[in-house]
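A quick write-up on the structure given underneath.
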Amino acid sequence: FMFFSGSSETKQAPVKAVYFDLPEMTVNLSASADRPQYLRVKVTLEMADDKVQDAVKKAMPRVVDAFQVHLRELRAIDLEGSAGLYRLREELMRRINVAIAPAKIRAVLFKEVVVQ
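In the numbering used here, the protein residues as written are 2 to 117.
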């Protein structure tokens, strides 16, 4: 919790954000041998400004590769529940920030996550 002094002069400026959609990705999960399982994911990246967006666009092959490599290592059980999605979000954010360093994204936002 954050508490502010009673002064009405301290107004917070709205946080500026730029959003960028990554291409939809479908990968084979590291699944059991009996039947293949697939993950389809649509992701939007939240960032501070257009400079970060330019860094993401320039590094797009590295960003997509980082996603693909990580997603293919996953099993369906790794994606279960909110904890699974939280871990996925954190890992994807870490991998994107490595790919676009020194720029940094703020968040990975899931538009769609389907395991089939």
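Glycine included, each C-beta is placed from N, C-alpha and C at the ideal position.
> From Arg-95 to Val-116, what does the alpha carbon distance come to, in whole angstroms?
Replying inline: 22 Å
>> Just to confirm the assignment, what range does the beta strand (DSSP E) spanning Leu-40 have?
In response: 39-48
> Who are Glu-113's beta bridge partners in DSSP?
Replying inline: Lys-43
> For the candidate residues Lys-112, Phe-111, Pro-24, Arg-73, whose alpha-carbon lies nearest to that of Ser-31?
Replying inline: It is Arg-73.
>> Only counting the same chain, and skipping five residues up and downstream in sequence, which positions put a Cβ closer than 6 Å to that of Leu-85?
In response: The question names Leu, yet the displayed sequence has Gly at residue 85. For Gly-85, where only same-chain residues beyond five positions count, the Cβ hits under 6 Å are Asp-79.
> From Lys-1 to Phe-21, what distance separates their C-alpha atoms?
Replying inline: What the structure shows of the chain is the stretch from 2 to 117, and residue 1 is not part of that stretch, so it cannot be assessed.
>> Using only the alpha-carbon positions, how far apart do Met-122 and Val-70 sit?
In response: The shown model of the chain, from 2 to 117, leaves out residue 122, and the question about it has no answer.
>> Check this for me: beta carbons of Val-109 and Val-44, under 9 Å apart or not?
In response: yes
>> Buried or exposed, going by whether 16 or more other CB atoms sit within 10 Å of the CB of Ala-102?
In response: With fewer than 16 other Cβ atoms within 10 Å, it is exposed.
> With distances taken from CA atoms, which of Arg-36, Val-65, Pro-37 is nearest Leu-46?
Replying inline: Val-65
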